[in-house]
Amino acid sequence: MARKKPEPAKKQPAAAKAAPASAGKTVAVVEQAKPAVKEAEPAVKAEKPAVKKAEPTAKAEKPAAEQAKTAEKKAEKPAVKKTEPAAKAEKAAAKKAEPAVKAEAPAAKKTEPAAKAEKPAAKKAKPAAKKTKPAAKKPAPAPVNEVPAPVEEPVHPVEEAPMEQPYVSPRRSVAFIGSECHPFVKTGGLGDVMYALPRELVKQNCDVRVILPRYACIPQQYQEKMVYRGEFYMDLGLTGRSYYVGIMEYVWDGVVYDFIDNQEFFSAGNPYISLVDDIPKYCYFSKAALAALNFLNWIPDVIHCHDWQAALVPVYLRTMFQGTPVGRAKTVLTIHNLRFQGIYNIPTLKYWTGLPNEVFEMGAMKQDYEDANMLKGGLAYADRITTVSGTYAWEIQTPEYGEHLEDHLRYHSYKLRGIVNGIDYGMWNPATDPALAVNYDITNVLDHKWQNKLALQEELGLVQDQGKFVIGLISRLTNQKGLDLVNAIVPELMDGNTQVIVLGTGDKQYEDTFRYYENAYRGMFSACIQYDESRAHRIYAGADALLVPSRFEPCGLTQLNAMHYGTLPIVRETGGLKDTVEPYNIFNGDGNGFTFDRYDAGLLLDAVNRAKTEYFVNRYHWDEVVQRDMAKDVSWQNSARQYKDLYLELTPW
Ligand code: ADP
């Protein structure tokens, strides 16, 4: 259905006022971007060959120019190396010095003054070595007969390499495009990834720009820090209208955040409202993000888009933007959750995107004959597809987890891979976490964790007793998260020694059920139906175990947070939960947590009971696992390196 939107009514924010220079430009977006594009294009092209030329010329020069250079180098290097192979070459000069040095050794032992007396002798040797330098610097090497060594001695490659310099992987520029990013706006794991991965990539020699919608709900403290970068107008689909695109920028810890501003689309108090509103919003956002890159004349090597909200980016890029500067970029599309795909009827999507007909064929966006699927289109056009764990990458190619895209994903499986998420150690660190009652690390966790438990019990009005087994659950309250399994076993969990804390919002049925349990088990069950970051931190620190019984879980971050805080995860073996939590083995004590495989309430109860047994009966072993989990590397470093490798694979220049 074609949605009519009210005229933009010049909703440019304060930002627009700040830009008198460009305020007058009211040209249609793409058209405005295009000229810039065309001007820029040659420049880009000109650069490329330049880079490529540099190599061959460098090589070509070698014979001629390098003769001079190497002559110089050789002249210099041997001077440095002289001391080592000096032996061979400098036999004449250096050997004279060597015996002197050797002779000094015994002498040195004799008396100190003697040693001092030797110094001048040693110094004498140095000038001798230096003497060779000028000779070597002569354009042509000295005749072989004369001072042969310094010039003729081959350069030893081993010494050429600066051994202490660590390997620095080549620099790449990457534009992240997605719909949420902590701390500006976050509803789940996507927000965490959009925050942490760019920061880690900066450390791994990447230039990163994160492009986000400028939602009105972004906290004022960040809105105030944004700086106006420019504005332009852009046509959108078949609407026949020009849409304002403002760019507000915020640079933080080496990452540049560009917020696409248009109050017509982003003025709601929540990033996601309903598909009717969200489809046009993210059609606009995907196109505006690409147009903004052209406008800023910042052309990345790789565009990394996330989930269905940015899935049209590769589609736009390979169609309407192919001939523009940004068209040279490679694309990666990451699936954080396949359940959400952005499906709407074809006429509506044609209206809002204006994409050519071939995009609406079965191989790309078309689905079930009358619908178009934005994620499906993105998967078809992206150069690489990633998802957030290896197991999930495999699962989504099966009917059970494929959300009707399993065939499409199997078809594109050659470009699909799983890279498990990490957590940001700056944000998640029990040793420095300001939200906690008592900070702790792996060395004193057993002394301090219980203090956090007592503080948490007090905060939530639970019976204060460090002997109780406290189970946390921090989650969106949706069908995905296995909450029906939890509901089914709550009465059996509540044995008088166990407390349960739920933190989350979502479907009313789950919210109400947990509220009911809070009433039924006063002092032992706490239902925090809210989104509260710092309380989440305190639950990770104060609980003994964290429940993640998901029906499916692409990666899952809560189990990683929990392990890092010494809280043992109880998880279903699916997706990233399977990849990150090794089942505890009662025979040899290995493992990180307690797991069950089939989606079954009885199996969940069994896993919880196994955990309780370890906790109450084998506390020594439990404590070992606590420390092992805290020591486990769940940081972004390793995952970011895999993303960087992927970018390099796509851009092998
Ligand atoms: P998903 O992305 O499916 O929601 P993840 O496990 O990947 O689940 O990520 C959830 C993230 O959101 C975690 O960082 C978790 O701590 C946080 N979170 C979830 N619910 C809440 C809540 N109610 N309050 C605070 N943080 C929450």
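Mapping to the numbering used here: the sequence shown position 606 is 626, numbers consecutive. Backbone N, C-alpha and C define an ideal beta-carbon position, used for all residues, glycine too.
- Distances from the CB of L567 to the heavy atoms of the ligand ADP are all 7 Å or more.
- Take L668, set aside five residues on each side of it, and the residues of its chain with a beta-carbon closer than 8 Å to its own are S189, P190, R192, in chain order.
- According to DSSP, H326 shares a beta bridge with T354.
- Proximity of the stretch 376-392 to the stretch 556-566 falls short of the contact definition, fewer than three beta-carbon pairs being nearer than 8 Å.
- Pairing G209 with N441 gives a Cβ-Cβ distance under 8 Å.
- Here the C-alpha atom of I231 lies approximately 19 Å from the C-alpha atom of I405.
- Within the stretch 450-530, the complete beta strand (DSSP E) segments at least 3 residues long are 489-494, 518-523, listed from N- to C-terminus.
- Straight-line spacing of the CA atoms in S546 and N629 works out to 20 Å.
- Excluding residues up to 5 positions away in sequence, A547, I549 lie with their Cβ nearer than 7 Å to the Cβ of R535 in the same chain.
- Excluding five sequence positions before and after Q417, the CB atoms of its chain that fall closer than 7 Å to its own CB belong to E426, L429, R430, S433, given in chain order.
- Relative to the ligand ADP, the beta carbon of S193 is positioned no closer than 7 Å to any heavy atom.
- The beta carbon of N459 sits closer than 7 Å to those of P450, A451, T452, D453, all from its chain and outside the five residues before and after it, given in chain order.
- Scanning its chain for C-beta atoms nearer than 7 Å, with the 5 sequence neighbours on each side dropped, one finds around L353 the residues C325, A331, P334, G398, L399, A402, I405, in chain order.
- Take E390, set aside five residues on each side of it, and the residues of its chain with a beta-carbon closer than 8 Å to its own are N365, I366, in chain order.
- Proximity of the beta carbon of G576 to the ligand ADP is indicated: a heavy atom of the ligand is located closer than 7 Å.
- In its chain, beyond the 5 residues on either side, L505, A508, I509 have a beta carbon closer than 7 Å to the beta carbon of A621.
- Cβ-Cβ distances below 6 Å link A475 to A457 in the same chain, with the five nearest sequence neighbours on each side left out; the list follows chain order.
- The beta carbon of L503 lies closer than 7 Å to those of L497, Y530 in the same chain, with the five residues before and after it left out.
- Beta-bridge annotation (DSSP): M268 is paired with Y248, F279.
- Taking a C-beta distance under 8 Å as the contact criterion, I443 and S655 qualify as a contact pair.
- Of the heavy atoms belonging to the ligand ADP, at least one sits nearer than 7 Å to the Cβ of Y551.
- Listed in chain order, the non-local C-beta contacts of Y187 below 7 Å within the same chain number zero, local neighbours out to five positions each way being set aside.
- In this structure the stretch 213-229 does not touch the stretch 279-287; the number of beta carbon pairs closer than 8 Å is below three.
- Distances between the C-beta of A631 and the heavy atoms of the ligand ADP are all 7 Å or more.
- With the rule of 3 Cβ pairs closer than 8 Å, the stretch 648-667 counts as touching the stretch 576-586.
- Cβ-Cβ separation between I521 and I559: approximately 6 Å, consistent with a contact (criterion under 8 Å).
- When only Cα atoms are considered, W448 and E538 end up about 28 Å apart.
- A582 has its Cβ no nearer than 7 Å to any heavy atom of the ligand ADP.
- Of the residues assessed, T633 falls on the exposed side of the cut-off, its CB having fewer than 16 other CB atoms within 10 angstroms.
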